[in-house]
Amino acid sequence: MSPEPTSLLQGTLDLLILKSLIAGEMHGLGVSRRIQQITGGTFVVKPGSLFPALHRMEEEGWISSFWGASENNRRAKYYRLSKAGLRQLEAETKRWGRISWAIAQALGVS
Amino acid sequence: MPLFVKARSFLRNLFLSRRVEIDLDQEVHAHLEMMAEENIRAGMQPNDALRAARVELGGIDQVKVQVREQRLGNWLHSVLFDCRYGIRQLRKNPGPTAVIVFTLALAIGATTAIFSVVYGVLLRPLPYTDSNRIMAVFEVNAEGRWAHLADPNFDDFRDQNRSFQAIAKYSEYVVSVSGASQPSRTTVAPVSPDFLKVFGIQPILGRDFTADDAKKGAGRTVLVSYGYWRQDLGSPQDLSQAHLKIDGAVYSVIGVLPAGFRFPADVDLWLPADLDGENPSRTAHNYYAAGRLRDGVTVELANRDISAIARRIHDTSSEQGDYLLKDGIVVSLQNSITGKARPPLLVLLGAVGFLLLVACANVANLLLAQASVRERELAIRSALGAARGRLIRQFLTEAFLLSLAGGGLGVLGAFWGVAGLLGLAPQNLPRLDSVSISVPVLLFAFLLSTAVAAGLGAFTAARVTSGDLRKGLVEGGRGQAGSQGSQRVGRVIVAAQIAITLVLVVGAGLLGRSLMKVLEVNPGFRVDKIVTMDVSLPWVDDPKAKASQAIFFSNLIDRLKQIPGVRKVGATSGLPMNQDGGLPDGMFLLMTQNEIPRTTDGFGALFQQKERIGNADFCVATDGYFQVLGIPLIRGRIFDERDGANSPHVAVISESLARDRWPNQEPIGHTIEFGNMDGDLRLLTIVGIVGDTHEYGLDAPPRPTVYVNLFQRPRAAVTLTMLSDADTRMVTSAARGILQDLNPEIPARFRTFSQVYSASLGSRRFNVILIGFFGIVALLLATAGVFGVMAYSVSRRTREIGVRVALGAGSGDVLRMILGQGLRTIFIGVAIGIAGSLALTRTVESLLFGVTATDPLTFGGVTLLLVGAALLACFIPARRATKVDPMVALRYE
Numbered sequence: 798m799s800p801e802p803t804s805l806l807q808g809t810l811d812l813l814i815l816k817s818l819i820a821g822e823m824h825g826l827g828v829s830r831r832i833q834q835i836t837g838g839t840f841v842v843k844p845g846s847l848f849p850a851l852h853r854m855e856e857e858g859w860i861s862s863f864w865g866a867s868e869n870n871r872r873a874k875y876y877r878l879s880k881a882g883l884r885q886l887e888a889e890t891k892r893w894g895r896i897s898w899a900i901a902q903a904l905g906v907s
Numbered sequence: 052m053p054l055f056v057k058a059r060s061f062l063r064n065l066f067l068s069r070r071v072e073i074d075l076d077q078e079v080h081a082h083l084e085m086m087a088e089e090n091i092r093a094g095m096q097p098n099d100a101l102r103a104a105r106v107e108l109g110g111i112d113q114v115k116v117q118v119r120e121q122r123l124g125n126w127l128h129s130v131l132f133d134c135r136y137g138i139r140q141l142r143k144n145p146g147p148t149a150v151i152v153f154t155l156a157l158a159i160g161a162t163t164a165i166f167s168v169v170y171g172v173l174l175r176p177l178p179y180t181d182s183n184r185i186m187a188v189f190e191v192n193a194e195g196r197w198a199h200l201a202d203p204n205f206d207d208f209r210d211q212n213r214s215f216q217a218i219a220k221y222s223e224y225v226v227s228v229s230g231a232s233q234p235s236r237t238t239v240a241p242v243s244p245d246f247l248k249v250f251g252i253q254p255i256l257g258r259d260f261t262a263d264d265a266k267k268g269a270g271r272t273v274l275v276s277y278g279y280w281r282q283d284l285g286s287p288q289d290l291s292q293a294h295l296k297i298d299g300a301v302y303s304v305i306g307v308l309p310a311g312f313r314f315p316a317d318v319d320l321w322l323p324a325d326l327d328g329e330n331p332s333r334t335a336h337n338y339y340a341a342g343r344l345r346d347g348v349t350v351e352l353a354n355r356d357i358s359a360i361a362r363r364i365h366d367t368s369s370e371q372g373d374y375l376l377k378d379g380i381v382v383s384l385q386n387s388i389t390g391k392a393r394p395p396l397l398v399l400l401g402a403v404g405f406l407l408l409v410a411c412a413n414v415a416n417l418l419l420a421q422a423s424v425r426e427r428e429l430a431i432r433s434a435l436g437a438a439r440g441r442l443i444r445q446f447l448t449e450a451f452l453l454s455l456a457g458g459g460l461g462v463l464g465a466f467w468g469v470a471g472l473l474g475l476a477p478q479n480l481p482r483l484d485s486v487s488i489s490v491p492v493l494l495f496a497f498l499l500s501t502a503v504a505a506g507l508g509a510f511t512a513a514r515v516t517s518g519d520l521r522k523g524l525v526e527g528g529r530g531q532a533g534s535q536g537s538q539r540v541g542r543v544i545v546a547a548q549i550a551i552t553l554v555l556v557v558g559a560g561l562l563g564r565s566l567m568k569v570l571e572v573n574p575g576f577r578v579d580k581i582v583t584m585d586v587s588l589p590w591v592d593d594p595k596a597k598a599s600q601a602i603f604f605s606n607l608i609d610r611l612k613q614i615p616g617v618r619k620v621g622a623t624s625g626l627p628m629n630q631d632g633g634l635p636d637g638m639f640l641l642m643t644q645n646e647i648p649r650t651t652d653g654f655g656a657l658f659q660q661k662e663r664i665g666n667a668d669f670c671v672a673t674d675g676y677f678q679v680l681g682i683p684l685i686r687g688r689i690f691d692e693r694d695g696a697n698s699p700h701v702a703v704i705s706e707s708l709a710r711d712r713w714p715n716q717e718p719i720g721h722t723i724e725f726g727n728m729d730g731d732l733r734l735l736t737i738v739g740i741v742g743d744t745h746e747y748g749l750d751a752p753p754r755p756t757v758y759v760n761l762f763q764r765p766r767a768a769v770t771l772t773m774l775s776d777a778d779t780r781m782v783t784s785a786a787r788g789i790l791q792d793l794n795p796e797i798p799a800r801f802r803t804f805s806q807v808y809s810a811s812l813g814s815r816r817f818n819v820i821l822i823g824f825f826g827i828v829a830l831l832l833a834t835a836g837v838f839g840v841m842a843y844s845v846s847r848r849t850r851e852i853g854v855r856v857a858l859g860a861g862s863g864d865v866l867r868m869i870l871g872q873g874l875r876t877i878f879i880g881v882a883i884g885i886a887g888s889l890a891l892t893r894t895v896e897s898l899l900f901g902v903t904a905t906d907p908l909t910f911g912g913v914t915l916l917l918v919g920a921a922l923l924a925c926f927i928p929a930r931r932a933t934k935v936d937p938m939v940a941l942r943y944e
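Protein sequence lines, in the order shown, are assigned to chains A and B. Sequential numbering of the first sequence, starting at 798, is according to the working numbering. Sequential numbering of the second sequence, starting at 52, is according to the working numbering.
Structural data, given as structure tokens:
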């Protein structure tokens, strides 16, 4: 699991967190596992990166949090996408699309 | 919306940090436990599951730290942390901290107090609408000096200029005013009708002057200041019944000006000028002028405009000669008021700036000494992972704490200092009423403290964190080699301190020697035991009325002589050293009775004949005046009973006039005509020559003077002088009673001549006291600086000295070594200081008297003083070094 297969740029991590939360509200571990799942195991987010990112994004107003019960009835903190977060996701997705296309062009792998 | 969310998070992080922390703690723990559960589900043993989860998490506290660093407002937390840590550090060393704060408070307070004077006098805009558009207009005479305006010249400026939307002339004088609560000597200003328009103000009650009010022979009208309206008139809403008797004539009060408007300074009443007609002469310079520029007109344009008009007047006027204007000039009114005060004030500001530098140098040295003690602490913090930036910030924070504490205390001190300055300030310093600790002054103090903090903090941080911090651990605490660098820096600072102090003390020395030289000047008259009494009768033109005024003064003098203890009584039109203004001066004509021309043109022609004209001040006096002031008679006689109103008019002239105008001749017996001074064309026969007097201050050369007899050439306003052995208060009240008895409507002002004399030295004394004070403080600080650095160096070298002594060095060798090290520093500082003084004392040249800016005596004396003080400061630590016991020193660690 470590070292991480690919070091995550901050913007990329934000994008992945937003993307995983589109499926619905979930707690930190859920987000982490979801990212692992949707990237086919390429990205493994460690708590040391995940929590700062979650808290920062909450302060930015992209996500909001609340205390809820986990699958095992454990008290856990859940995160949910806000409207601003949704807009951010759309904007970031477009930007990412442009960048990845440009990089792919540059590297000649398209 | 996101902004709102951010603000909420920021405030939450700041004020609910406990809850935020508990939340985080629970979240991370829950996360850990969920991971462990996952692992158990995957088939692990509970213990292994928890351990694996911990490994994946990577340390609960590390995660928390990373989250905290992400938080909004995190910087504020760390600043607060630095402050708390800084305060703890400073409190651990209460002695040095107190010294530093006190030193900074002294320097910042002194600088703030001086700045408040500079700001109030020079920088603060005049309190009028768009005051930077208000200009003063002057004539420029043949010598290039600025002169007041003659009536026809002002009229031409007013009518022909294209630069001013309003322009007005004004003057000011003190007269007796009655009709209000009590008769008083009040400053009045005759002004032309546009005066208020220039300043952009209007009466708050009643009306402004109109052109009709200013016409020759118009009904007499007066505008009053707000203060006068309230205190002397009793704030009547209806002005129709308000009348004042000013200078013997009755005026109707037509308007009240807004509170705070008093221009020229101290004026309470404004009257239309020239109600008796203008003076047609182009060389009678009786008025100031001020104008408000039209929109879009620059000062340069206005200057060109006025200059062109002035030169046209010069070229076409029939009145030629030195008194006719040659050019005109426009300067901002503010500069024209404060221009003369500028150089000495800037010198003061420079001096206090030097004091600030010396104080900062001391503080820098103290901080450096403290920081090198803290090398170990820094080394440990650095080894534990503190970034260099973080450590630098720590030093900056501590410097800010110290400077702000010092600055705060300093500002408190400055309130007291400004009060002291205002009490000490010379009376002729303009705009003193606008000096206070105002918002801009506070801002200045804050910026100054910040700048000092930034400088000191950056300096210490750069010194301390340069190089490998961790060496502090290796060095074994008592760094010998590592601190060599910082000791060198300490010596450089001390040398700079000595240099700056030397410049400051040399400046103070030059000013002090100037003051002594001034005091050595023989004024030409006696100062002690003289009571003066200013009296103004109404101004009259009619010869009969004038004659009766002469009789009034004659009676007054006779009665004053009878006051017990009063020995002699005299009267003069111009008391020497009086800063209210000087004597009028002008050109007289040397001629005999037969040569008196019948026409004005005839006079004009005579003024063209160089051998006939002379230039002198014109003073009206009585015989008693010379006796009271002890002005010596050189030849001939002074006025006496022979010189009655109907006898031939006589004059007494001053020695310098006799010497310059009649070289190798006997002036006594010559007749002169000086009618342009008082309108009396009768010739004056010179009957005596008296000693010169320094009319305009000890540092101004005596002016050639023509004295005429008050009883032949009466005058409405005079100063009576009484030589008396009796108590001043007794004489004053007796004299007041006599005046009351003769005419209850005439007020008087009493002073002692020594007060007048002492006030004339006011600005010189002010500069000497302040710069002297700054010099002494700087000297003490510099001495303390030398002592501190030497003492520190000796304590650091204790072991080395011990080794030297153990190897056979005598106490003389040790003393020589330490003193030699100190002397090198001192001499470098002195050399730089002398070079700096030679360059900088030129700026005070205009304030010097009787000494050159490179006065060797001052330079030598100050150098000796400074070297002596610094050596003494070295000697104490050096002696301590000789007492080092090698056995103790070697076990010192």
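For every residue, glycine included, the Cβ atom is placed at its ideal position computed from N, Cα and C.
Unbroken beta strand (DSSP E) run spanning residue i, endpoints
i: A/Phe-863; result: 860-866
i: A/Lys-874; result: 872-878
i: B/Thr-783; result: Here B/Thr-783 belongs to no beta strand (DSSP E); instead the alpha helix (DSSP H) covers 779-793.
i: B/Val-671; result: 664-672
Test item: CB-CB of residue i and residue j under 9 Å
i: B/Ala-622; j: B/Val-769; result: yes
i: B/Val-759; j: B/Ala-696; result: no
i: B/Pro-394; j: B/Thr-783; result: no
i: B/Ala-201; j: B/Val-191; result: no
i: B/Asp-636; j: B/Phe-669; result: yes
i: B/Ile-581; j: B/Ser-805; result: yes
i: B/Gly-836; j: B/Asn-416; result: yes
i: B/Gly-575; j: B/Ala-420; result: no
i: B/Ala-924; j: B/Phe-838; result: yes
i: B/Asp-776; j: B/Gly-675; result: no
i: B/Arg-764; j: B/His-700; result: yes
i: B/Val-226; j: B/Ser-587; result: yes
i: B/Leu-274; j: B/Leu-352; result: no
Element boundaries [alpha helix (DSSP H), containing residue i]
i: B/Val-130; result: 125-143
i: B/Ile-360; result: 350-367
i: B/Trp-467; result: 439-475
i: B/Tyr-808; result: 804-811
Supposed close pair residue i, residue j - CB separation, criterion 8 Å
i: A/Arg-872; j: B/Ala-81; result: 6 Å
i: B/Thr-933; j: B/Ser-846; result: Between B/Ser-846 and B/Thr-933 the Cβ distance is about 14 Å, and since that is not below 8 Å, they are no contact.
i: B/Ile-364; j: B/Arg-333; result: 7 Å
i: B/Phe-61; j: B/Gly-124; result: 5 Å
i: B/Leu-460; j: B/Ala-785; result: Not confirmed; about 51 Å, so no contact.
i: B/Gly-558; j: B/Ala-402; result: 6 Å
i: B/Val-738; j: B/Ile-719; result: 6 Å
Minimum Cβ-Cβ distance from residue i to chain D less than 9 Å
i: A/Ser-817; result: Considering every chain present, this structure includes no chain D. Its protein chains are A and B.
Can you list, in chain order, the stretches of the alpha helix (DSSP H) that have 4 or more residues and sit fully within the region 676-717 of chain B? 706-712
Go through the region 724-769 of chain B residue by residue and report every complete run of the beta strand (DSSP E) that reaches 3 residues or more, in order.
735-741, 756-760
Tell me the start and end of each unbroken alpha helix (DSSP H) in the region 267-298 of chain B that is at least 4 residues and wholly inside, in chain order. 277-282
Check: Looking at chain A, which residues of the region 76-87 of chain B have a Cβ within less than 9 Å of any of its Cβ atoms?
Finding: Hits within the stretch, in order: Gln-77, Glu-78, Val-79, Ala-81, His-82, Leu-83, Glu-84, Met-85, Met-86.
Going along the chain, which residues of the region 822-852 of chain A sit with their C-beta nearer than 7 Å to a C-beta in chain B?
Gly-825, Leu-826, Lys-843, Pro-844, Gly-845, Phe-848, Pro-849, His-852
*Which residues, in order along the region 54-70 of chain B, keep a beta-carbon less than 7 Å from a beta-carbon of chain A?*
Within the region 54-70 of chain B, the qualifying residues are Val-56, Lys-57, Ser-60.
**Request:** Return the residues of the region 866-885 of chain A that lie within a Cβ-Cβ distance of less than 7 Å from chain B, sorted by chain order.
**Result:** Listed by position, the residues of the region 866-885 of chain A near chain B (Cβ gap below 7 Å) are Ser-867, Asn-869, Arg-871, Arg-872, Ala-873, Lys-874, Ala-881.
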